[in-house]
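Oh and the sequence shown: position 153 is 494 in the working numbering, straight run, nothing missing. Okay, so here's the structure we're looking at.
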Amino acid sequence: LAEDKERRKFGGGFLEFYSERSRQWLTIVTEEVTWVDGRPVQLVNCYDITAKKRFSDMLEEKIEERTRELVLLRQEAESARRKAENASQAKALFLANMSHEMRTPMNAIIGMSTIYKSAETDEKKTYCVEKIEEASAHLLGVINDILDMSKIEAGKMEVSLAPFVFTEMVERVCSVLSF
342 LAEDKERRKF GGGFLEFYSE RSRQWLTIVT EEVTWVDGRP VQLVNCYDIT
392 AKKRFSDMLE EKIEERTREL VLLRQEAESA RRKAENASQA KALFLANMSH
442 EMRTPMNAII GMSTIYKSAE TDEKKTYCVE KIEEASAHLL GVINDILDMS
492 KIEAGKMEVS LAPFVFTEMV ERVCSVLSF
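Structure (structure tokens):
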């Protein structure tokens, strides 16, 4: 033991240390007892605890590894929660906008139908029918957009390119909103 790096004097108790010479973890346990002739005697026992220390070190490594994994899982769960909240907010905003988009052409259809009933000239009736057709087409587009959103959420949406004339689209929107 004199060659060991760690050497201590101690009373009753125990000491754990690593022996460089034997490359072992050792525990020394002392206990003071009274010998048969009445003298106090120190009993010293030395135990090899290398396997215990290695097992303990392995468990500590596994605990650290699992803790790192749990931290990553928690971060992923938090990220998923934030994404779900953002998606929920986006969906609520989309529905609020679609509600407005649906009411506007519906009000135009109802309003033009009422005007049509009281119109006296064919020109005014034709104007009302044209506006009803435009508002109906716009309303159908909004409904299709809502259905497309549910297809996107379900992963069933197929995207395709279709030509359109931008100015005609703007004129239709303005026409629906102008009455």
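Backbone N, C-alpha and C define an ideal beta-carbon position, used for all residues, glycine too.
#1: Any idea what DSSP makes of Ile-369, helix, strand or coil?
#2: For Ile-475, count the other beta carbons within 10 Å of its own beta carbon; 16 or more makes it buried, fewer makes it exposed. Which is it?
#3: Under the three-state reduction of DSSP, which class applies to Phe-435: helix, strand or coil?
#4: Hey, how far is the Cα of Glu-361 from the Cα of Ile-390?
#5: In chain order, what residues of the same chain lie with their CB nearer than 6 Å to the CB of Phe-505, ignoring the 5 residues before and after it?
#6: Count the other C-beta atoms from every protein chain shown that fall within 10 angstroms of the C-beta of Ala-590, then say buried if there are 16 or more, exposed otherwise.
#7: Would you mind reading off the limits of the beta strand (DSSP E) that contains Val-382?
#8: By a C-beta neighbour count over all protein chains shown, 10 Å radius and 16 as the cutoff for buried, is Val-483 buried or exposed?
#9: Return the first residue and the last residue of the alpha helix (DSSP H) that Gly-482 is part of.
On the basis of the supplied data:
#1: strand
#2: According to the sequence provided, residue 475 is Glu. The question's Ile does not apply to it. The residue is buried, with at least 16 neighbouring Cβ atoms inside 10 Å.
#3: helix
#4: 14 Å
#5: none
#6: Residue 590 cannot be examined here, being either before or after the span of the chain that is shown, 342 to 520.
#7: 381-389
#8: buried
#9: 463-495
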